[in-house]
Amino acid sequence: MTNKLLPNTPIENLNSETDFLGILDKATLIKDFLKGSKNNSENIKMFSLYGNWGSGKSSLMKFLQKELSQEYNTFFFEAWEFEKDENLSFSLLEYLTYETKDLTEEFADDVLKYGGRILRGLGKSIKLNIPLFPNGPALELDPSAFVEEISKNEELTFYEAIKKFKLEFQRLEDLMTRQGRPSHNIVFIDDLDRCEPQQVLNLISAIKLFFTLGKKTIFFCGVDKSAVEAAVKTKYGKVVKANEYLEKIFDISFSMPEKYDLQKLINQYFDETCYSLGETEMGINMWINNFFESLEFTNPRRIKKVLNKFQMLRAFAKMDVNSNKNIPNIDLQNNEEKGFLETILILYLIILHEFYQNEFDSFLNFEQKKEVYFKVNENNPNTLTAIKDAIETNFSLEFFENIAQRNLTNQGLKLQAERSFFVCLSPVNVERFNINSLQPRRIIEMTVKEKYIDYLFYKYISSFDVQILLSKSQNKTSFMSLKNLIKTFL
């Protein structure tokens, strides 16, 4: 376990020690495949790695760049760095030109002169259809845009311009792979998911139509399908499906794992100290892993961001432990019993604050809770008093017992206290519920419009017995003060 914040950047040196996401095996398989298929690069030139934002695509491609440096001349084009350029495809050509060693200025000028005219024309084009494949979606190119670019200095037909570009690009390849260097090139295209949708389409279309005119260069693109889907929908509407478009653009595709082994990442923030809740006993690190999986909150980059924020708050709490009683006991690492409930609540509130602002605003909104939950109990004012007390009172085992005694007769003390506790943490997008669903393990009696994260959290927290949760808490503050703490400090 570390006391440091982990950088929210790609892993530069992916190995068994730094593979927090469990992607090393996949990376090794792709590496071996690319090593073995080098001689097929004249026919198979377009590779993709599909994965959502933050799924580890960049870390995997950095690994490939390093591991393939003996078999290929490697180039790493981070598209987002050039996103403000008018034309990403021309920026790619400039990048490859200037990254090639021993390139004369005259040669560079020739490559950029013909390539620039073609690629700038591509960026302006809108009409002429050039099919990428039979009966498939086409790139729409306006010949007048090419004529405008090409005729600036000399008269060239579109065909002649393509021929010139192909010749110059193959000359560039020869220089990249001359004696003493690997015989083939691989260009990694990263950060496409951070670019504007139209820029994404223009770039991968240009690579497919023009950069693959070479014979020794393959392109390996990290692709977030949702970004491409947005671009395809904008340009083609419902005529073209994004999956079909991508299948025809890329010759071979790989995908990031759909499910990650997050335990190694979580172990950087939580140790293996054993913690028991009821009859279940396991390390606090495993409890936290189970928490994230239960919320279906498994994007590695997002989890790292949440845990870094948690680490900041934990460090602040440790420094302020003797002076500020409003800081919850969130694993202070001082040999005291860890506060499981407050740790879970703080992690959940950080998630809401960072990624689900509407749900964060709704958390502990008494008026919303009253509107949703107490229509069926509107004749019982004690119920409303109990829930308001639950929100504003310190949550502890004493609170659990006192709130019941203050609002009810002796009969049903535990049941009403449980309902008060759980309704504080319940979702607000409820369509139907039975009052019995405000008890441990009774969420089946609740129907929601959609299973948003607040529902998943409630499902998770209601799987525990309230008294057991509170018996493990050392908290001296209220639900509302925890929310205000996140709002103030983070």
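For the sequence shown, the numbering used here assigns the number 596 to the last residue and increments by one with no breaks. Yeah, the Cβ is synthetic: ideal placement off N, Cα and C, and Gly gets one too.
Pair within 7 Å by beta-carbon distance, residue i and residue j
{"i": "Asn291", "j": "Tyr366", "result": "no"}
{"i": "Asp297", "j": "Glu184", "result": "yes"}
{"i": "Ile452", "j": "Ile436", "result": "yes"}
{"i": "Leu647", "j": "Ser195", "result": "In the structure as shown, the chain begins at 107 and stops at 596. Residue 647 is therefore absent and cannot be evaluated."}
{"i": "Glu173", "j": "Lys151", "result": "no"}
{"i": "Leu605", "j": "Ile592", "result": "Here the chain comprises residues numbered 107 to 596, so residue 605 is not present and cannot be evaluated."}
{"i": "Leu401", "j": "Leu531", "result": "no"}
{"i": "Thr474", "j": "Val534", "result": "It should be noted that the sequence gives Gln, not Thr, for residue 474. Closer than 7 Å, so yes."}
{"i": "Asp330", "j": "Trp159", "result": "yes"}
{"i": "Ser568", "j": "Phe356", "result": "no"}
{"i": "Met282", "j": "Thr206", "result": "yes"}
{"i": "Gln176", "j": "Phe294", "result": "no"}
{"i": "Pro303", "j": "Ala267", "result": "no"}
{"i": "Asp560", "j": "Glu460", "result": "no"}
{"i": "Cys301", "j": "Glu118", "result": "no"}
{"i": "Leu278", "j": "Val217", "result": "yes"}
{"i": "Gly162", "j": "Leu127", "result": "yes"}
Enclosing beta strand (DSSP E) for residue i [first to last residue]
{"i": "Glu184", "result": "Tyr178 to Glu184"}
{"i": "Tyr462", "result": "Careful: Tyr462 lies outside any beta strand (DSSP E) and carries neither H nor E."}
{"i": "Asn295", "result": "The residue asked about is misnamed: residue 295 is Ile in this sequence, not Asn. Counting along the chain, the beta strand (DSSP E) containing Ile295 begins and ends at His290 to Asp296."}
{"i": "Leu383", "result": "Cys380 to Leu383"}
{"i": "Ser197", "result": "Looking at the DSSP string, Ser197 is not in any beta strand (DSSP E); the run it does join, the alpha helix (DSSP H), is Leu194 to Glu205."}
{"i": "Ser154", "result": "Met152 to Tyr156"}
Other residues of its chain near residue i: CB distance less than 7 Å, five sequence neighbours each side excluded
{"i": "Lys341", "result": "Leu307"}
{"i": "Ser164", "result": "Pro116, Asp296 and Gly328"}
{"i": "Phe398", "result": "Leu368, Thr404 and Ile409"}
{"i": "Phe239", "result": "A caution first: Phe239 carries a pLDDT of 46, below 50, which makes its placement in the model unreliable, though a value can still be read off. Correct list, in chain order: Lys354."}
{"i": "Glu378", "result": "Gly389 and Asn391"}
{"i": "Val554", "result": "Pro533, Asn535, Val536, Glu537 and Tyr561"}
DSSP state of residue i mapped onto helix, strand, coil
{"i": "Val346", "result": "coil"}
{"i": "Cys301", "result": "coil"}
{"i": "Ser147", "result": "coil"}
{"i": "Pro243", "result": "Legend: pLDDT at Pro243 = 46, less than 50; position of this residue unreliable, value from coordinates given subsequently. Residue state, collapsed to three classes: coil."}
{"i": "Ser568", "result": "coil"}
{"i": "Gly128", "result": "coil"}
{"i": "Gly286", "result": "coil"}
{"i": "Gly328", "result": "strand"}
{"i": "Phe376", "result": "coil"}
{"i": "Val534", "result": "coil"}
{"i": "Ala510", "result": "Reliability fails at Ala510, whose pLDDT of 45 lies under 50, so the model's placement of it is uncertain and no value is given."}
{"i": "Glu387", "result": "strand"}
{"i": "Thr449", "result": "helix"}
{"i": "Thr210", "result": "coil"}
{"i": "Thr323", "result": "strand"}
{"i": "Leu111", "result": "coil"}
{"i": "Ile117", "result": "coil"}
Proximity test, Cβ basis, 7 Å: residue i and chain C
{"i": "Tyr178", "result": "This model lacks chain C altogether, as it is built from one protein chain only."}
Range of the contiguous alpha helix (DSSP H) that encloses residue i
{"i": "Asn395", "result": "Ile390 to Ser400"}
{"i": "Ser359", "result": "It is not in any alpha helix (DSSP H) - Ser359 instead sits in the beta strand (DSSP E) that spans Ile358 to Ser361."}
{"i": "Phe585", "result": "Phe585 to Phe595"}
{"i": "Phe169", "result": "Lys163 to Glu173"}
Close-in-space but distant-in-sequence residues of the same chain around residue i (CB under 8 Å, 5 per side omitted)
{"i": "Ser147", "result": "His290, Lys321, Lys322, Thr323 and Ile324"}
{"i": "Glu123", "result": "none"}
{"i": "Lys339", "result": "Ala348"}
{"i": "Lys168", "result": "Pro116, Ile117, Glu118, Leu120 and Phe182"}
Own chain, CB closer than 6 Å to residue i, minus 5 neighbours either side, in chain order
{"i": "Leu166", "result": "Ile129 and Ala133"}
{"i": "Ile394", "result": "Ile372 and Phe376"}
{"i": "Ile313", "result": "Phe325"}
{"i": "Phe271", "result": "Tyr220, Gly221 and Ile224"}
{"i": "Asp125", "result": "none"}
Residue i Cβ short of 6 Å to the ligand FAD heavy atom set
{"i": "Asp138", "result": "What this structure holds is no ligand at all, so the ligand FAD is not there to describe."}
So does the region 355-366 actually touch the region 124-135, counting three or more Cβ pairs closer than 8 Å? Touching, yes, given that three or more Cβ pairs across the two stretches are closer than 8 Å.
Given 8 Å, three or more beta-carbon pairs between the region 370-378 and the region 398-417: Taking 8 Å as the limit for Cβ pairs, the verdict is that the region 398-417 does touch the region 370-378.
The region 388-396 / the region 143-160 touching (three or more Cβ pairs under 8 Å): Touching, no.
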